[in-house]
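Residue numbers (this note's numbering), protein chains in the order written: chain A, 4 to 106; chain B, 4 to 355; chain C, 3 to 465; chain D, 53 to 252; chain E, 654 to 823; chain F, 30 to 515. Ideal placement from N, C-alpha and C gives every residue a C-beta, glycine not left out.
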Amino acid sequence: MINGISINYYLLLSTVLFIIGAIGVMARRNSIIIFMCIELMLNAVNLLLVAFSTLHHDASGQVFVFFIMAVAAAEVAVGLAILSMIYRNVKSIDTNLLSNLKN
Amino acid sequence: MIAFVIYKFIVCVIVFGLSLAVAAYSTWWERKLSALLQDRVGPNRAGPFGLLQPLADGGKMFFKEEIIPNVSNRFLFVLGPSLFMLTALMTGSVIPWGKSFTTDSGSTYSFQITDINIGVLYLFGVVSIGVYGIMIGGWASNNKYALLGAIRASSQMISYEVAMGISVIALIITSGGTLSLSEIVEQQDAGVANIVWQPLGFLIFFICALAETNRAPFDLPECESELVGGYHTEYSSMKLGLFLFAEYINMFISSAIMAAFYFGGYNFPWAHEFYQWIGLHDGSVWISIIGFGAFFTKICIFISVFMWVRWTLPRFRYDQLMHLGWKILLPLSLLNLAITVVVEYFRGNIHF
Amino acid sequence: MKGLLIISGLGVLAMLAEIFKFKKLLLPIVLLGIVVAYALNFMEWTHDYSISYFTNMIAFDRMGIAFSGIILATAFFWFILANDYFEEDSNVVDHFALVLFALVGALMLTAFTNMTTLFLGIEIMSIPLYVLAASQKKDIRSNEAGFKYLIMGSFASGFLLFGIALIYGASGSFDLAQITSYITTHASGMPMFFYVGVIMILVAMCFKVSAAPFHFWAPDVYEGSPTLITALMSTVVKTAAFAAIMRLFLVGFSGVSEVWTGVLAGIIALSLIIANFSAAMQTNVKRMLAYSSISHAAFMLMVVLANIRNNISVDAILYYSLAYSIGSIAAFGVVYNVTKNGNENLNAFNGLAKRNPGMALCMTIAMLSLAGIPVTSGFFAKYFVFTTMIGTSHKWLLILAVITSAVGAYYYLKVIIAMYFKKLDTPEPVQIERSNMMVITLTSVIVIAIGIVPGIIAEIFRF
Amino acid sequence: MQLTNRSKVVSNKVQSGMESMYLPAILKGMMITASHIFKRRPTIRYPEQTRKLSAVYRGLHVLKRDEKGAERCTACGLCALACPAEAITMENAERQKGEESLYREEKYAKVYEINMLRCIFCGLCEEACPKEAIFLTDRIVDTEYEREDFIYGKDKLVEKIDKRIDVSKRQTLEVAEFKKIPGIKHNAVWEGNRIDRKIN
Amino acid sequence: MLGYTITQWLFGILSFLAIMFALMVVFSRNPVNSVLYLVMTFFCIAGHYLLLNAQFLAVVHIVVYAGAIMVLFLFVIMLMDLNQDSEPQRTMVTKIIAGVAGGLMLFVLVGSLKGTEQLNLSSYGSSQIGTVKNLGKVLFSEFLFPFEIASVLLLAAMVGAIMIGKKDIK
Amino acid sequence: MLTALLIGFPLLASLLVFFIKGNAARNLALGFSVIEFILSLVAFVMYKNDHSCCQLRFDHAWVQSLGIHFSVGLDGISLLLVLLTTFLVPLIILSSYKNEYANPSSFYGLILLMQMALVGVFVANDGFLFYVFWELALIPIYFICLLWGGDHRASITFKFFIYTFFGSLFMLVGLIYVYNHTNADGLKSWAFQDLYNAGKSLTENQQSVVFWLIFIAFAVKMPIFPFHTWQPDTYVNAPTQGTMLLSGIMLKMGTFGVMKWLLPIVPLGLAQWGNTVMCLSVIGVVYASCIAIVQKDYKRLIAYSSIAHVGLISAGIFSATQQGLQGAVMQMLAHGVNVVGLFLIADILIRHTGTRHLDKLGGIRGMNGNFAVLFLIILLGSVALPLTNGFIGEFLLINGIYQYGAWFGAFAGLSVILGAVYMLRSYQSIMLGDRKDNNVVFGPLASTDKAILIIICGVIIAFGVYPKPLNDLAEEGVKLLLTNIK
């Protein structure tokens, strides 16, 4: 199915996605969106792993992706729980308002 | 090749058309059955026995005034019902509607849009996306009832997906570890239907299916006594129609899945003897059609059961719903899984 | 390995305590369990250099066991210290379970032999800590700490994973041994992105140990989290992360050291400067300790930077971890008890010598140890690091380390000065539980003891 | 204090295992509903089928004419007074010369309106009428689209001269006799809160 | 078509869409839109998985990410009613710094790809690795320990989320 | 074994004293320190002055794998300094009898601990051990200054601590560097002989680096000219006993360190940088003397005089000649005794008159003649009048420095003159002249003060007249040292 595409394109693609995610984390203020950008980063990694797995004809790359998914789910659960707790306390989730700890 | 493409196209059209038609007539049957259960007559004006009622309803839906709330997000408001409908229709594509048949030229056609080897997962995938339609619709309405309805719907669907998935895993173990629907159905051909091995699993699946399709007694997302119309409070005209329609399509598809998973799909008892008796040989298109008939009958029965349940049982309270989903069905399904593993081990179907 | 299983079992057991109503018994059970895990862990010591479990996913070699030992010992003290902390909280059981799960992750990090176990170990360790950091539900600072920690932790995980993916892409395996052999066999022909992967993993690990310039989350998180959780973060987590770094970079990527040493040297230099000078400016004790932990991280990284894998370097990082962990437990134990009234400023320590001479003495010892003054263990820790470093080409770092250590002494002494010389208007003794006092005393004694006979560690963990 | 003996003591007893599974109960309920499929439907498919009305059915009002065709109503207003729903309004006028054949007495109702949306068809107007002018019939009020259309004027209420409406069944002898008793305001004998109908 | 195979076309389109949607996630003002764009990105990535013969993963990806994680996001956003674009913007400086940092990282990473030899992917021999059967075998033999220990991870996350989420009775 | 006992005894004593309540602590401390002095005298007697290194050795492995040994032993120089320490500590303790200190048990415990560390520094034969004692000495004095010091003690003590700690970390690095090049039977070793050998095997550049790394620590401790800024403030603010410890003994740690742990290790470094250090030392001498002349605070004056003296000593050491080194040793002893006396006098002044300001003092001789005499003797000792103990050291020093370079000698000689100027000026200002208002009464000296002053004066005169036993020891020690340097 994938004949004729260089692995470099996949490297490039996931790098770009990864960087977009990273920029999002750095540039956005809204906690939820920051969180989503992290998910984007993880997905870039997943894509890369699957591409390499196809390249090496090796299933372990794909299996690794499962673990990443599990971890991502766990992280999101915890993160959103914390977010909703913060929301309960301050009625906002802007990282701006989260500056009670001085920098 | 061309013939194959045309054939697939036709199957697609048939399946979608069938889904829509069944959905439409489900509304009629819903009303008719509810009337029967309540000592009433039900629709009987449009056409004989009110058979044209769905058409009239549809027409009415189309010609109603379209109202889009001012402050809502227009795009999302339209996207919601469309997505819900889309996902509802997509599920039909992996269901094997009948035995595959062979033409004289020797090529085999299956009564199925596509037979992917991870059909069960595909189903779950599509079902899980189905939540988006409701959520987006409810949210875009900018109405608190709609929002509450949407949140209820999504949390309910997500919650019950868990138990459902686990009960299906047990089923997959029973049916020899395949994720392809056609194979699951096929392996019930020779033996007995899976319901024999999976009574508890079926029960769980059935309850979850009720919840997944937002049917009573789990129709909290649209419970009118609390939430006016639930997630589609702000919807009118055909967009409302899409929501209602999609719900019936979901019901149809989940009935089909239940029939395929637990009741042998297009198989029926003594099918082979019956075919021999009327003189049909394997691969005949008539076998497929008769099988489809059997399948369809089962589906209709299930749809009726859905409705029957609706008009019998009162609606759950929200906490009861969650309690049932997480504290009863989930452990039960795990128990079922455990039992299944033990049983299948002794049946010799799995090895460690 | 058995230790790891026991700790996981304890975690599950802790969750059952609520149901079967043995909450009161939980702490003794956990302590006992840790001791048993400790013992069983060392039972494996007699085996060969490395026993691997589960098709080479995890292998408790001696290094792993030694680090596990440190982690378990620290955890043991921590649990005693946390005694009354647990009592006042309504979610006791959950706290227990989460801490134990974090320990499982930490133990995995000491013994992983595969990138999968590395990643999972980090996450198993981090996720409970995110929660624990945020566990003061009503306190917005705690919430915020938890969230920041989570965001930064996941961000770092992203980098770690990208690095792992790139390395997998080059070497075709997640197995550390295979990656190492790949490095040796393909010394010349490795694709460029392999190096990038190594650097990204380095960056991610530096995030985890909060080395500058990836440290910015640490002070906030340390300050916001409940004090005892901060103690846990700065001891167990640090130790585990260093065990991981040690294994990754001294065992796995040793062959490509020319790639990462430069970056690491920069990171260390930055950490030393930023951490020590920032710490000197803090008035919040927890924040100060956070910065101090960054500087200690830099010290431990120096051993990695030396990239000499022999007894000395392993001893060095081991000893440093132990000294730092134990000293931190003592320090945090005091900080926890002193700041119970909510005042986390340095002036909370005013006149502590008058109020609680014993506690003040322990704190003094802890501070002297962290500052690295003989004959406390902190001194030997620094000494070992210097010894390891001196043979390398990064001597300038050593000079920097010396200069910044002197700055470090400045802020540790600030605490001592506050305790002994600042007056307090109402000198009321701080209430402290007997068990807490015991832990603080014991850890202080250990700090001195292993400072007097540092050889004992090397003797015990003979490789 | 026990007022009625319909009260029930609610028990809090722990459900047995079978009961707490609910399944038998659910099945029982479903059987009950299913059994209704086979029950006789009480539906009357109006308008093809109609229900038989009783003789004293109280339907649409009619303003009667006398034997000569003159309107009986003298706009005395007793019906409006009696109406509990205040559905009746009227306006009187004096009979002019040459109108003797139209109105039975000197005064007549120029306007007589009943709001059918308000009317509760209690029949009190009928009882109140001293002139035997208003009766309720077994006819049914038609459906309309507009609210105004439900205000029935004289055009709809007064019986057509050529299509007289038989109210003989309502004019029972008993009633007629009753109304003839002199000295009794036949519509206003109140004792307490109940009308004493039984004079004889 | 224009000298490209269908696969290449698919790859190009999917990549373009993925990057487009990813950018929209970052730049969209409204969190709900962000979520939806992210879901679209995930679909594109799932498409890539299909291209790469990882059907099972593709579906699991949809189920987990689109079906669970993102719904959770949507859920939280709705509960918190973040409809308004009330998000205070970061200062221009931060944005620029973020952009520059990201650009630099991109530059370095892409630069590191330059020297790499072109390895073409091929489906030959790889069509079976993504099947459930094969993945299951690998997962339960080689990766058994991580699989088992992942349960601890999920347990911890569950306990943690519940602990934080539930209201204190006190 | 005796040497180890010399270290162990004060440690045990201090632990004991820590747990004694009240004034019993100081009596006990005094008793212990006297016993310690007797022990050191025993060592002095047992020591055979026969040019052999490291008598009365005690060696026990500490950290085997790193070649760290608990190795102690005596040579001539260290024996002298141990004697100085053990001699001064009882006097210092005695001098505190008139001062009431809060929490006395800690105070005396810390002094004894300090003694332990100081003795340890002087007798350590293992580089690492030396460093440990070196650092260890810092902690008690830090606490003494911090807890019982003057008004600005916190910030000043801080400065002191950071300075010295800073320096000693550099020394650690330098020592580790040398240690890394040691090779004793294939193992690394901290033994000083091994360090000497390793140091000599280094190239010239390496030696210069190591030279500076190690030298900074000593330079701060002594202190030598640009590193001295912590010293006057600390001396002034520390409690008198602390100042005595600092100036009388701790200062010698630096000079001793240079002799034993710097010069033999990096002879090439010395050759390259000796000149520079000489310059610094001599500049320090002149500079400190000049400042001392204009000081109004008597204690501060002594502090600067101390810098001047130590500058001279360091110049003598870096001249690396037999006379210079021997003079340095002698001067170290003399200065230790004298400066303690001077600080005690400062303490007496403040106790009796409430001020140390030269302008506010005057005419004390008229009120207390004995005191004036004793003061004069000590003062003359410190300006190195012949027949006092200061003379022999200073003479040898200037001789040695002159051998190294005539100009250096000339400037060093200047110090004698300048020293006489500020010392006599202070005497004049305090003892002679008119009475000032605020010191109407200067009563008789306390018996303890008198005793100390008499002892010190006795020592000054005794060793001024008959310095031979000490001089012999110093001579042999320096010879030994010179063989190591060459």
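Contacts around residue i, its chain only, beta-carbon distance under 7 Å, and the 5 residues preceding and following it disregarded
i              : result
S240 (chain B) : M64, K67, E68 and E69
D112 (chain F) : Residue identity differs from the one stated: residue 112 (chain F) is Leu in this sequence, not Asp. Within the same chain, L112 (chain F) has close Cβ partners S69 and F73.
G122 (chain B) : V97, L182, S183 and L184
Chain-order list of residues whose beta-carbon lies under 6 Å from that of residue i (same chain, five-residue window excluded)
i              : result
Y206 (chain F) : V239
F205 (chain B) : I198 and Y265
N76 (chain B)  : A143
V74 (chain B)  : N145
CB contact check: residue i to chain C, cutoff 7 Å
i              : result
I294 (chain F) : no
G82 (chain A)  : yes
H60 (chain A)  : no
S650 (chain E) : Residue coverage of chain E in this structure runs from 654 to 823, which leaves residue 650 (chain E) outside it and unanswerable.
First and last residue of the uninterrupted beta strand (DSSP E) at residue i
i              : result
K102 (chain B) : G101 to T105
L103 (chain F) : I97 to L103
T111 (chain B) : T111 to F114
Opening and closing residue of the alpha helix (DSSP H) in which residue i lies
i              : result
D253 (chain B) : Before going further, note that residue 253 (chain B) is Asn rather than Asp in the sequence given. N253 (chain B) -> alpha helix (DSSP H) spans S240 to Y265.
R380 (chain F) : Q351 to T382
N686 (chain E) : P684 to L704
S62 (chain F)  : A53 to M75
I275 (chain C) : S259 to M283
Close-in-space but distant-in-sequence residues of the same chain around residue i (CB under 8 Å, 5 per side omitted)
i              : result
N787 (chain E) : Q781
Distance between residue j and residue i (C-alpha atoms, nearest Å)
i              : j              : result
A77 (chain C)  : A16 (chain C)  : 15 Å
S444 (chain F) : Y422 (chain C) : 41 Å
T477 (chain F) : K127 (chain F) : 8 Å
V66 (chain A)  : E125 (chain C) : 17 Å
I132 (chain B) : L178 (chain C) : 39 Å
N92 (chain A)  : Q138 (chain C) : 11 Å
L354 (chain C) : G178 (chain F) : 19 Å
CB contact check: residue i to chain F, cutoff 7 Å
i              : result
F423 (chain C) : yes
Residue i at chain D interface by Cβ criterion, 7 Å
i              : result
T315 (chain B) : yes
Chain-ordered neighbours of residue i on chain G, where CB pairs are closer than 9 Å
i              : result
G457 (chain C) : No chain G appears in this structure, whose protein chains are A, B, C, D, E and F.
CB contact below 7 Å: residue i versus chain B
i              : result
M811 (chain E) : no
Margin query: Please list, in chain order, the residues of the stretch 355 to 382 of chain C that have any C-beta partner in chain A closer than 7 Å.
Written below: none
Next item on the list: Return the residues of the stretch 392 to 426 of chain C that lie within a Cβ-Cβ distance of less than 9 Å from chain F, sorted by chain order.
Entry: I392, G393, K397, L400, I401, A403, V404, I405, S407, A408, V409, A411, Y412, L415, K416, I418, I419, Y422, F423 and K424
Notebook entry, point to check: Residues in the stretch 70 to 102 of chain C with C-beta within 7 Å of chain E's C-beta atoms, listed in sequence order?
Noted result: S92, N93, D96, A99 and L100
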